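Take our numbering: the last position of the sequence shown gets the number 453, and nothing is skipped along the way. Heads up, the beta-carbon is just placed ideally off N, CA and C, and yes, glycines get one too. In this text, all values refer to a predicted model and were calculated from it rather than measured experimentally. Written below as structure tokens is the structure these notes are about.
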Amino acid sequence: MMGQQPRTDSLFYYFRLEDQIPDDHLLKRLDRFIDFGFVRERLRDTYSAIGRPSIDPEVLLRLLLVGYLYGITSERRLIEEVRMHLAYRWFSGLGFEREIPDHSTFSKNRHGRFRGAGVFLEVFEEIVRRCMEAGLVEGKRLTVDGTMVTANASPQRGAKPEELGEVAKVSRTVRDYLVDLAQENPVPEDKEKPAPRSVAARYVSTTDPDACWASKLGGRSVPSYLNHYLIDNASCIILGVEATQARFRQETLAARRMLVRVKERFGICAEGVGADKAYGSGEFLAWLLERSIQPYIPVIDRRHQTHRHFTRDQFQYDQVKNVFRCPEGQTLRYRGMDHRAQGYFYQTAESQCRGCPVKERCTGGSTRKIFVHWHEPARQTARELALTQAYACSRRERNKIEALFSELKLRVGLRRVRLRRLWNVSEQFYMAATAQNLKRLVRFLAQRESVPTPC
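Laid out in structure tokens, this is it:
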């Protein structure tokens, strides 16, 4: 006969939350392998010795990790999910008898003690150290790249830099932004204050002034940030994270900062670094070679883009006389230095090219010019490395960092940042990278635990 289950409410229930969570659940593995108690010790000095007990900072961190691990970008929705999900409750240490904190608690701590103590950076670096202790990080072959993330700002709300003073009268965000700029760019009172570098853009967003307009693949320009990763190729562990404005120049600057930081903080000295052509400037290539790091990077090279004219390789350089000679034997003498392009240029006289039988194949102007980059030796070294097997291997491994960016946007949910201003965006990127590293670390530890030890 057909059974029927009556819906009745029992007065008492008894069960353990832990018994309801499978042993192979991600959160249960995290709790077994990772001790987050260091956060409490890190923040101990920021709490008073008297007064009512506050929410345990480890609980707040675990709640935030749940959001980043499962792509819950809203803190309001995160609290609702924790209220209903047994695994989230158990991992956060919030039993049914405990009150779940309000969503505003995250904002208060983020803008208070969390920001002042640099907790999110500390958590990220601590997880990287755990990965190194587990033997997951090789640290020899690295890859660097950046991805554009849309800012939490309207593309329609922008102002010219000279109008920011007027906008600041009604906008608290812009007012705080101008105060920060004044602190970062101090000038003597008796001199006229120049426009800060951060306000050099054509328009500044009045919603999030730290973001700048950028587009990708010819799309519409929107206020954006760049999220830069430095990863270990062997394990896909993220070693460095940097949040910057979405400007082309920021890519190599962020790469330098991350490489310096991983050496100082973790003692990682890379043997080679792979990247795309955006990092192939002579200045960055020379910087890497000075530190004995092999640049597996395509060179930004325009020496063959001469519209069917003679290329620079067809000109012979006389190092003693510091001149170039064209295929017809004419001399291109040194004419000066181009500081903006970072190089030297050589040029013939107009009389040398007049009446030349191969002029049409050499130049479309009255004279022929040749440009030589300041860091041409470094560029030539990078060209030679591009012919090696190590370069080909690095090119294949660059797909790993693209997979991490795909995970960042599809799984973690950071197609668009939720917070505004650069320091808040940076904290989001640190937490997202921490969540990505934690997934790989606990999977590695679980696999190693399951392998039987030989007798």
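Enclosing alpha helix (DSSP H) for residue i [first to last residue]
| i | result |
| --- | --- |
| Arg438 | Leu420 to Ser448 |
| Val121 | Val117 to Glu131 |
| Tyr342 | Careful: Tyr342 lies outside any alpha helix (DSSP H), inside the beta strand (DSSP E) at Gly341 to Gln345. |
| Met460 | Shown here, the chain extends from -1 to 453; a query on residue 460 therefore has no answer. |
| Lys106 | Ser102 to Asn107 |
| Gln378 | Glu374 to Leu383 |
| Val37 | Phe36 to Arg40 |
| Ala212 | Note, Ala212: premise wrong, no alpha helix (DSSP H); beta strand (DSSP E) at Cys210 to Ala212. |
First through last residue of the beta strand (DSSP E) which encompasses residue i
| i | result |
| --- | --- |
| Leu61 | It is not in any beta strand (DSSP E) - Leu61 instead sits in the alpha helix (DSSP H) that spans Pro55 to Leu67. |
| Lys398 | That residue, Lys398, is in no beta strand (DSSP E); its alpha helix (DSSP H) goes Gln387 to Leu408. |
| Asp29 | No beta strand (DSSP E) contains Asp29, which is instead part of the alpha helix (DSSP H) from Leu24 to Phe31. |
| Leu237 | Ile236 to Gln243 |
| Val135 | No beta strand (DSSP E) holds Val135; DSSP gives it neither H nor E. |
| Phe322 | Val321 to Arg323 |
| Gln314 | Gln314 to Asp316 |
| Val80 | Not the beta strand (DSSP E): Val80 falls in the alpha helix (DSSP H), residues Glu73 to Met82. |
| Gly144 | Arg139 to Thr148 |
| Gly334 | Thr329 to Asp336 |
| Cys351 | That residue, Cys351, is in no beta strand (DSSP E); its alpha helix (DSSP H) goes Glu348 to Cys351. |
Distance between beta carbons of residue j and residue i, contact taken as under 8 Å
| i | j | result |
| --- | --- | --- |
| Arg366 | Leu330 | 7 Å |
| Gln248 | Leu224 | 6 Å |
| Ala433 | Leu67 | 5 Å |
| Leu41 | Pro55 | 5 Å |
Residue environment, residue i, which counts as buried when at least 16 other CB atoms sit within 10 Å
| i | result |
| --- | --- |
| Ser424 | buried |
| Ala347 | exposed |
| Asp17 | exposed |
| Glu240 | buried |
| Ser90 | buried |
| Asn231 | buried |
| Thr309 | exposed |
| His226 | buried |
| Ser213 | exposed |
| Arg27 | buried |
| Ser279 | buried |
| Val356 | exposed |
| Thr141 | buried |
Own chain, CB closer than 8 Å to residue i, minus 5 neighbours either side, in chain order
| i | result |
| --- | --- |
| Leu283 | Pro293, Ile295, Val297, His373, Ala376, Arg377, Thr379 and Ala380 |
| Ile70 | Val64, Leu76, Glu79 and Gly411 |
Sequence-distant residues of its chain with Cβ nearer than 7 Å to residue i (five each side left out)
| i | result |
| --- | --- |
| Arg508 | Residue 508 is absent from the structure shown; the chain starts at -1 and stops at 453. |
| Leu286 | Val271 and Pro293 |
| Asn435 | Ile125, Val126, Cys129, Ile235 and Ile236 |
| Arg259 | Gly238 |
| Asn150 | Asp206, Arg414, Val415, Arg416, Leu417 and Arg418 |
| Arg263 | Glu123 |
| Leu443 | Phe31 and Ala132 |
| Tyr389 | Tyr294 and Leu383 |
| Phe36 | Glu124 |
Contacts around residue i, its chain only, beta-carbon distance under 6 Å, and the 5 residues preceding and following it disregarded
| i | result |
| --- | --- |
| Pro153 | Val220 |
Review point. Are three or more beta carbon pairs between the segment 356 to 367 and the segment 260 to 273 nearer than 8 Å?
Key: no
Check your understanding: Taking contact to mean at least 3 C-beta pairs separated by less than 8 Å, is the segment 48 to 62 in contact with the segment 132 to 146?
Key -> no
Review point. Can you find at least 3 beta carbon pairs, one from the segment 242 to 258 and one from the segment 368 to 379, that sit closer than 8 Å?
Key: no
Exercise for review: Determine, using beta-carbon pairs with one atom in the segment 392 to 403 and one in the segment 420 to 427, whether at least three such pairs fall under 8 Å.
Suggested key: no
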